[in-house]
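Numbering (my numbering), first residue to last: 205 to 503.
To start, the structure under review is shown below, and the notes come after it.
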């Protein structure tokens, strides 16, 4: 599925901190998710399917069906992404959610749409590059809880959503109902959370106009330049550079290292207007030029 949201993200330090506080071994998570160690060592970008694999590994390693809630509620403003820091200093809960929806794509290839109605407002979460997969339940739990935490901490009140819709089958209903304190529906078409109008209009006790005046332009600048690099093609070339030194790489092995199927990799590259063989040729050519340049420097 094509999207204006680039299919890439660098795993945020917030998530690693959340795992640490929850007592989950991140190295074991990386291993279970079959992700390259470069995501730890080099902060290499990953795709949506890899991000989903990461969250499923978190569920497996933690042995906790509520790990998403634990991660979201265990974090504080000091370690949150810049988009959430800005939202915490918004004037109202509605303003805060609008800022999160606008800048969330800086954190992940995620589409957050906000709609206002007469008596409520709602947010719908979609993953444009999710290959029609239902997002991991822990990831959805953490996302929805982050919205609720934003409202509760910003207003200083224990706000409860009007309703919560989850695309996944029924799981951990009692734990979710205790935390969200609202009606929850499962097996829905989309992941959606709604808040009452009177709650959305509530002022934030954490409002800081001066800080927002500093953060907003920086976030706008980052959003403007977001996606200029590190496409799936760039990720593929990064893997090819390492594999070409050991022999002739094939698309199956490269796709496996990127934690996606051969078919998915071919489709992503086609969407970006390039073929796997073209990338192999380009990478070989670039490496040859670099080799010649290195030799000339030693002459």
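Just so you know, even glycine gets a beta-carbon here, dropped at the ideal spot from N, CA and C.
Measuring straight from C-alpha to C-alpha, what distance separates residue 258 and residue 243? 11 Å
Indicate the three-state DSSP secondary structure (helix, strand or coil) for residue 325 in the structure shown. strand
Does the distance from the CB of residue 392 to the CB of residue 370 come in under 8 Å? yes
What residues in its chain sit with their C-beta under 8 Å from that of residue 231, if we drop five residues either side in the sequence? 244
Taking 7 Å as the limit between beta carbons, can you name the residues of its chain near residue 252, skipping five residues before and five after? 211, 313, 331, 333 and 334
DSSP on residue 469, reduced to helix/strand/coil? helix
Taking Cβ to Cβ, would you say residue 287 is nearer than 8 Å to residue 308? yes
Using a Cβ-Cβ cutoff of less than 8 Å, which residues in the same chain neighbour residue 476 once the five nearest sequence positions on both sides are dropped? 435, 436 and 437
Since residue 452 and residue 491 are thought to touch, with beta carbons under 8 Å apart, how far apart are those beta carbons, to the nearest angstrom? Contact doesn't hold; Cβ gap of about 13 Å is too wide.
Give me the Cβ distance between residue 384 and residue 365, rounded to the nearest whole Å; I'm assuming they're in contact under 8 Å. 6 Å
Give me the residue from 341, 466 and 423 with the minimum Cα distance to residue 303. 423
Straight-line CA distance for residue 481 to residue 255? 26 Å
Could you tell me which residues DSSP puts in a beta bridge with residue 399? 325
At which residues does the alpha helix (DSSP H) containing residue 361 begin and terminate? Per DSSP, residue 361 belongs to no alpha helix (DSSP H) and is neither H nor E.
Give the DSSP-derived three-state secondary structure of residue 271 in the structure shown. helix
On the CB-based measure, 16 or more other CB atoms within 10 Å of its CB, does residue 337 come out buried or exposed? exposed
Alpha carbon to alpha carbon, how far is residue 493 from residue 418? Give it in angstroms, no decimals. 43 Å
Based on the DSSP secondary-structure assignment, which residues constitute the bridge partners of residue 229? Its beta-bridge partners do not exist; DSSP assigns none.
Do the segment 401-421 and the segment 373-388 touch if we need at least three Cβ pairs shorter than 8 Å? no
Kindly indicate which residue of 361, 374 and 305 has the alpha-carbon position closest to the one of residue 402. 361
How would you label residue 381, buried or exposed, when you count the other beta carbons within 10 angstroms and need 16 or more for buried? exposed
When DSSP builds the beta bridges, which residues end up paired with residue 387? 367
Whose CA, out of 469, 219, 489 and 470, lies closest to the CA of residue 342? 219
Taking the straight line between their C-alpha atoms, what separation do you get for residue 487 and residue 442? 9 Å
Would you mind working out which of 464, 440 and 290 sits nearest residue 485, comparing C-alpha positions? 440
Look at the alpha carbon of residue 223 and the alpha carbon of residue 349, and state the distance between them as a whole number of angstroms. 16 Å
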